[in-house]
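Those protein sequence lines, which keep their order, are chains F and P.
In terms of our numbering, the first sequence is numbered consecutively and its last residue is 390.
In terms of our numbering, the second sequence is numbered consecutively and its last residue is 80.
Ideal placement from N, C-alpha and C gives every residue a C-beta, glycine not left out.
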Amino acid sequence: MRILIVGGGMGGTILGNNLARRLKSELANGKARITMLSASDRHMYQPGLLYVAVGQMMPDQLYRDQRSLLEPEIDFHVDPVEEFDLDNNRVKTKSGKTHEYDVLAIATGSRIVPEAIPGLAEHAEYFYTEESAVKMYNRLREFQGGKVVVAVGVPHKCPMAPLEITFMLHDYFKHRGMSDKVQVHYTYPIGRTHGLEPVAKWATPEFDRLGITYETLFNMKEVDGADKVLHSEEGSAINYDLLITVPAHKGMEVIEKNGLGQSGWIPTDRHRLTMEGHDNVFVLGDTTNLPISKAGSTAHFEAEAIAENIAAMAKIGTPVRDYDGKVFCFIEAGRDRATYAMFNYQNPPDPKPPTKAVHWFKMAYNQLYWASARGLL
Amino acid sequence: MSDVRVIDACNTFCPGPLMELIAGMKQAEVGDVIELLSSDAGSAADVPEWINKVGHEMVSSEQVDGVWHIKVRKMK
Ligand SMILES: Cc1cc2nc3c(=O)[nH]c(=O)nc-3n(C[C@H](O)[C@H](O)[C@H](O)COP(=O)(O)OP(=O)(O)OC[C@H]3O[C@@H](n4cnc5c(N)ncnc54)[C@H](O)[C@@H]3O)c2cc1C
Numbered sequence: 014m015r016i017l018i019v020g021g022g023m024g025g026t027i028l029g030n031n032l033a034r035r036l037k038s039e040l041a042n043g044k045a046r047i048t049m050l051s052a053s054d055r056h057m058y059q060p061g062l063l064y065v066a067v068g069q070m071m072p073d074q075l076y077r078d079q080r081s082l083l084e085p086e087i088d089f090h091v092d093p094v095e096e097f098d099l100d101n102n103r104v105k106t107k108s109g110k111t112h113e114y115d116v117l118a119i120a121t122g123s124r125i126v127p128e129a130i131p132g133l134a135e136h137a138e139y140f141y142t143e144e145s146a147v148k149m150y151n152r153l154r155e156f157q158g159g160k161v162v163v164a165v166g167v168p169h170k171c172p173m174a175p176l177e178i179t180f181m182l183h184d185y186f187k188h189r190g191m192s193d194k195v196q197v198h199y200t201y202p203i204g205r206t207h208g209l210e211p212v213a214k215w216a217t218p219e220f221d222r223l224g225i226t227y228e229t230l231f232n233m234k235e236v237d238g239a240d241k242v243l244h245s246e247e248g249s250a251i252n253y254d255l256l257i258t259v260p261a262h263k264g265m266e267v268i269e270k271n272g273l274g275q276s277g278w279i280p281t282d283r284h285r286l287t288m289e290g291h292d293n294v295f296v297l298g299d300t301t302n303l304p305i306s307k308a309g310s311t312a313h314f315e316a317e318a319i320a321e322n323i324a325a326m327a328k329i330g331t332p333v334r335d336y337d338g339k340v341f342c343f344i345e346a347g348r349d350r351a352t353y354a355m356f357n358y359q360n361p362p363d364p365k366p367p368t369k370a371v372h373w374f375k376m377a378y379n380q381l382y383w384a385s386a387r388g389l390l
Numbered sequence: 005m006s007d008v009r010v011i012d013a014c015n016t017f018c019p020g021p022l023m024e025l026i027a028g029m030k031q032a033e034v035g036d037v038i039e040l041l042s043s044d045a046g047s048a049a050d051v052p053e054w055i056n057k058v059g060h061e062m063v064s065s066e067q068v069d070g071v072w073h074i075k076v077r078k079m080k
């Protein structure tokens, strides 16, 4: 069985390593082969960008060499896919090579599109890339006081990031003794402070306690950089001195260009994780069109389910397991406290009040991530 | 008339049905109709509230076997 994994990020890496372990003997005797194609020779721990944006981590702490994370049996190439020919079970890469497969897994992730809102890319700070996170930190350092507005695009990866950056900004300015000079103002697209109702239920009183103001049902329409005003689709306007955004996301261009899914989101079966109409094409991580959190933990749990299924297909000819929609997210509630939310298709989350212990566990996870990517956790 | 695009947000908690609808509306063209399926009772109230605020049109809203079917036309 020729298995091709496109994407060497969180989902692709965990899938590849998990599969390599399950198919040890098939890989050794030539009955199975795993090839991975990616766009980079480095693997970034993206959640670390949040800490880079407030000066708590350095960018070089976020990277590992991708090859070093992979089981040796995986045939890894930095050669991004440019054409998907799903009817003929093959892809073509940037270097011009063609790779044929029996089973394909697509985990190409997502990208920010701040340019979708007029004025946003030029006038807002954000932290979803290394460059922008470093730039944002520099702006925070220079900031002398005023109104800091947090604005959120839809859809976005890491559903906890809007709350986390807001709490972290509050603590950052407090730490610098600037609380009396800074007003942090949070906005959110729907009618409460977070998509998850139980999370909104603890976040809102937390905002009240900390003096963070907020406005809900606020979807960005345009930014007037000259007058420093942010306008919403709902007809309201907010003056800002510093605008921080979680920009809207799309899937990768290559997905849309090849007609695999509108805006780069691939239509995916919520339990089998196969692409609609293609039983030998699995989709995982941010690039699915599933109405669930675009998060590393989602990619992780999906990868485990898909690995079990592809291995079963190699061994007994049929998949064996459904994905249950499991997601687990840490939620940083400031510099030194955190909580978490865990849920699946059937069970809503029930986050507990933030504690220091959970924060330190998240700090430990920032390092443990590399063991998780290797498939050891 | 363009096809109705269905967004099935049943039994999903995060980001949630309204957020899925907002994302879906961004991809749609003016005049398109989106049908949101939601098992969350809150959707029957929070979807119309958002639509009224932004100025889209509510086509229909009904509950069938515990699932809300809410049709919305993009107006701008
Ligand atoms: C600031 C920030 C904070 C976050 N915090 C959290 C958190 O606390 N918890 C959490 O669970 N998640 C968090 N996330 C989200 C998490 O990082 C992503 O959801 C996760 O990385 C998605 O995994 P993926 O495999 O789908 O995509 P990615 O990990 O982004 O990997 C995509 C891969 O595809 C490759 N690729 C792209 N194009 C091609 C191509 N044409 N051909 C081949 N390969 C290609 C890329 O090189 C990359 O290796 C955060 C993200 C950010 C940015």
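Considering only their Cβ atoms, is the gap separating residue 120 (chain F) from residue 279 (chain F) smaller than 8 Å?
no
With C-beta atoms as the reference, is residue 9 (chain F) less than 8 Å away from residue 286 (chain F)?
Because chain F here runs from 14 to 390, residue 9 (chain F) falls outside it and cannot be looked at.
Quick one, are the C-beta atoms of residue 50 (chain P) and residue 204 (chain F) less than 8 Å apart?
yes
Pick helix, strand or coil for residue 13 (chain P), following the three-state DSSP scheme.
coil
How many Å lie between residue 5 (chain P) and residue 29 (chain P) at the Cα?
Note on residue 5 (chain P): pLDDT 45, under 50, position unreliable in the model; no value is reported.
Would you decide whether residue 111 (chain F) is buried or exposed? Buried here means 16 or more other CB atoms lie within 10 Å of its CB.
exposed
Boundaries (first-last residue) of the alpha helix (DSSP H) holding residue 180 (chain F)
174-188
Between residue 43 (chain F) and chain P, is there a C-beta pair that is closer than 8 Å?
no
With residue 24 (chain F) as the anchor, note down where its alpha helix (DSSP H) starts and where it stops.
23-35
Let me see if you follow: with CB-CB separation under 8 Å, is residue 5 (chain P) close to chain F or not?
Per-residue confidence for residue 5 (chain P) stands at a pLDDT of 45, beneath the threshold of 50, marking its modelled position as unreliable; no derived number is given.
Are there 16 or more other CB atoms within 10 angstroms of the CB of residue 333 (chain F), so buried, or fewer, so exposed?
exposed
Classify residue 335 (chain F) as helix, strand or coil using the three-state DSSP reduction.
coil
Can you check whether the C-beta of residue 358 (chain F) is within less than 8 Å of a C-beta belonging to chain P?
yes
So is residue 185 (chain F) buried or exposed if we call it buried at 16+ other beta carbons inside 10 Å?
buried
Any alpha helix (DSSP H) of 4 or more consecutive residues that is wholly inside the segment 117-144 of chain F
133-136
Buried or exposed for residue 215 (chain F), going by 16 or more other Cβ atoms inside 10 Å?
buried
With a cut-off of 8 Å, do at least 3 Cβ pairs link the segment 188-196 of chain F to the segment 5-16 of chain P?
no
Any non-hydrogen atom of ligand 1 within 7 Å of residue 299 (chain F) CB:
yes
Any chance the CB of residue 20 (chain F) is under 7 Å from a heavy atom of ligand 1?
yes
Per DSSP, what kind of secondary structure is residue 239 (chain F) in: helix, strand or coil?
coil
Determine the burial state of residue 65 (chain F): buried for a count of at least 16 other Cβ atoms within 10 Å of its Cβ, exposed for fewer.
buried
At 7 Å on the CB atoms, spell out the chain P contacts of residue 275 (chain F), in chain order.
31
Bridge partners for residue 159 (chain F) per DSSP, in chain order?
F:195
Of all the CB atoms in chain F, is at least one closer than 8 Å to the CB of residue 45 (chain P)?
no
Coil, strand or helix - residue 11 (chain F) by DSSP
The question about residue 11 (chain F) has no answer, for chain F in this structure spans 14 to 390.
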